[in-house]
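Reviewing the structure listed below.
Protein chains: 2
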Amino acid sequence: MIQPRPRTIPEATVARLAVYLRVLTALGDGGRSTVSSGELAAAAGVNPAGLRKDLSHLGPCGVRGVGYEVATLHDRISRVLGVERSRGCVLVGMGNLGSALADYAGFGTRGFEFVGLFDAAPDRVGQSIGGHTVQPMDALDEVVAATQASIGVITTPAEVAQSVCDRLARAGVRSILNFAPVPLAAPPGVDVRKVDLSVELQVLAFLGQQRLGAAAPLAPVEEPA
Amino acid sequence: MIQPRPRTIPEATVARLAVYLRVLTALGDGGRSTVSSGELAAAAGVNPAGLRKDLSHLGPCGVRGVGYEVATLHDRISRVLGVERSRGCVLVGMGNLGSALADYAGFGTRGFEFVGLFDAAPDRVGQSIGGHTVQPMDALDEVVAATQASIGVITTPAEVAQSVCDRLARAGVRSILNFAPVPLAAPPGVDVRKVDLSVELQVLAFLGQQRLGAAAPLAPVEEPA
DNA sequence: GCGACTTTGTTCCTGCGTTCACAAGCGGCT
DNA sequence: AGCCGCTTGTGAACGCAGGAACAAAGTCGC
């Protein structure tokens, strides 16, 4: 049995596949049965050629002259992304951001289910957020083992993020999404992705300033030597 | 009047500069006066050579044989990123995520200040979050004009994100950070950055599944030696 | 049944980002 | 003062992502 496709899909492609999946869901709900690459690309905000290249990583799944069948493509992408079954997620750090994520309905409909909320602060333990009760950190290992949660989300302060990461990894979590503004070191076999909100803002600030400098050279901000 | 540096800095570099800036702040608070590229790179989680190349976009700002002066480098990066002065941000959509962001203290210390919170829902208007009062959408233009806010953050449902984007752009906002899971079209001169939380989770799910397939070859996946 | 049109899948190419490796420069020591 | 070691800054090579153009393939109309 030869491998039908190169088993390595570029990460950038994977991220776009997730976007296509969302668009396909919307199209399916709207009753559409087929889409062309051009239309799908427009809805996803990408180049049609790039979209076809992304989809080519899944093997041929369109019909020439017609387009892609919405339901089929949806299933195919779901399977490749590994979201055809719901995945358990545990969330550590129930501050504002953690609470917002726990209460965000958008995850459940996309194959993710929070199976445990944790916090170290005793006064947060016992609160109910998004239909779940916040549990103490001591319960983490047990919950992860019982629910087979494969994803951990860290929304703690930066100082404790690394220790939480270690703890999640030890409990058996294989994938970690880190919102704390520190680079995390995880043991091999554990993937870590980082989302840094203030970095996003700072990049925006830079782009804005750059544009300002180019558009309005009123003040010749000559860097004084 | 020669421009001392190429005024185009790669976006990836800008994002890392923001990380370096944070590390430098921590180092300065810790009393350190100089750092080597190796140490800084380790703290930021990047390659030392890459870090030096990033910094080279700012012109020479280190001392060979010694390293970088923490305070000087901090100021330099701050100026380049445009965060040496505080920037006003308006936030539209005070759901869970919006409230979390408004209440997040990490932004204020990094040169960003929320100057207006807005929501279309009447029952949210008047609420106080993070020291600010939620205002109706009608007040947006006036607040943006009065505060010279340059950044807008969209945390609304996907359906209204585009109209909010248009409205922000019309009000004079030049940079937009979009948390809604839709690609936004903005007029030229307005930068849009997107943060898609469920995409991050789905990429993680893919990586986890990929690793699972490699570790547990139940299906005969041809994994050549 | 046949031609033409539409749309996919692929291939090439260009540009960017990242990494490695080396030369230049500076401080400290003798 | 001269040498040595350390660190920066830069140049080159590699790999990857993105975009455009082209060939294959299937459908619709006649």
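Those sequence lines, one after another, are chains A and B. Just so we're aligned: 219 in the UniProt record's numbering is position 219 of the first sequence, and the numbers increase by one with no gaps anywhere. Just so we're aligned: 128 in the UniProt record's numbering is position 128 of the second sequence, and the numbers increase by one with no gaps anywhere. Even glycine gets a Cβ: it sits at the ideal position worked out from N, Cα and C.
Considering only their Cβ atoms, is the gap separating residue j from residue i smaller than 9 angstroms?
i: B/ALA18; j: B/LEU101; result: no
i: B/GLN202; j: A/ALA15; result: yes
i: A/LEU91; j: A/VAL153; result: yes
i: B/ASP55; j: B/ALA44; result: Residue identity check: residue 55 of chain B is Leu in the sequence provided, not Asp. Their beta carbons are not under 9 angstroms apart, which means B/LEU55 does not touch B/ALA44 by this criterion.
i: B/PHE179; j: B/LEU97; result: yes
i: B/ILE9; j: A/LEU204; result: no
i: A/ASP191; j: A/ARG174; result: yes
i: B/GLY208; j: B/THR156; result: no
i: A/CYS61; j: A/ARG76; result: yes
i: B/VAL63; j: B/LEU27; result: no
i: B/ASP119; j: B/MET137; result: yes
i: A/VAL35; j: A/GLY67; result: yes
i: B/LEU168; j: B/VAL195; result: no
i: B/GLU11; j: A/ARG193; result: no
i: A/GLY88; j: A/THR147; result: yes
i: A/ASP166; j: A/GLY130; result: no
i: A/GLY189; j: B/ARG22; result: no
Which residues does DSSP pair with residue i in a beta bridge?
i: B/SER128; result: B/THR133
i: A/PHE112; result: A/ARG87
i: B/PHE118; result: B/VAL92 and B/GLN135
i: B/VAL182; result: Note: B/VAL182 sits in no beta bridge, so no partner.
i: A/LEU177; result: A/VAL153 and A/ARG193
With DSSP collapsed to three states, give me the class of residue i.
i: A/CYS89; result: strand
i: A/GLY67; result: strand
i: A/GLY152; result: strand
i: A/GLY62; result: strand
i: A/ILE77; result: helix
i: A/GLY172; result: coil
i: A/ASP141; result: helix
i: B/ASP166; result: helix
i: A/GLY82; result: coil
i: A/THR72; result: helix
i: B/GLY106; result: coil
i: B/THR13; result: helix
i: B/PHE206; result: helix
i: B/THR147; result: helix
i: B/LEU101; result: helix
Thinking C-alpha only, which one of the options is nearest residue i?
i: A/VAL134; options: A/ALA121, A/LEU177, A/ALA146 and A/ALA145; result: A/ALA121
i: B/VAL42; options: A/GLU200, A/ALA185 and A/LEU40; result: Note that residue 42 of chain B is Ala in the sequence shown here, rather than Val. Checking every option, the nearest Cα to that of B/ALA42 belongs to A/ALA185.
i: B/VAL182; options: A/GLY189, A/GLY106 and A/PRO187; result: A/GLY106
i: A/LYS53; options: A/THR13, A/ARG85, A/VAL83 and A/ARG193; result: A/THR13
i: B/THR25; options: B/GLY59, B/THR109 and B/VAL164; result: B/THR109
i: B/SER37; options: B/GLY31, B/TYR20, B/ASP29 and B/GLY30; result: B/TYR20
i: residue 227 of chain A; options: A/GLY93, A/GLY189, A/GLU200 and A/SER128; result: Outside the shown range of chain A, which is 1 to 225, sits residue 227 of chain A, and nothing can be said about it.
i: A/VAL143; options: A/GLY172, A/HIS57 and A/ARG211; result: A/GLY172
i: A/GLN127; options: A/SER99, A/GLY111 and A/ASP141; result: A/SER99
i: B/GLU113; options: B/THR72, B/LEU73 and B/GLU84; result: B/GLU84
i: A/PHE206; options: B/SER86, B/VAL160 and B/ALA158; result: B/SER86
i: B/HIS74; options: B/LEU40, B/ALA158 and B/ASN47; result: B/LEU40
i: B/ARG32; options: B/GLY59, B/ALA145 and B/THR72; result: B/THR72
i: B/GLN162; options: B/ALA139, B/ASP141, B/PRO187 and B/ALA145; result: B/PRO187
The ligand COA heavy atoms versus the CB of residue i: any closer than 8 angstroms?
i: A/VAL195; result: Questions concerning the ligand COA fall outside what the structure shown contains, since it holds no ligand whatsoever.
Next on the checklist: Quick check on the DSSP output: what are the complete alpha helix (DSSP H) runs of length 4 or more inside the UniProt DNA-binding region "H-T-H motif" (19-58) of chain B, in order along the chain?
Outcome noted: Entirely contained in the UniProt DNA-binding region "H-T-H motif" (19-58) of chain B, the alpha helix (DSSP H) runs reaching 4 residues are, in chain order, 37-44 and 48-56.
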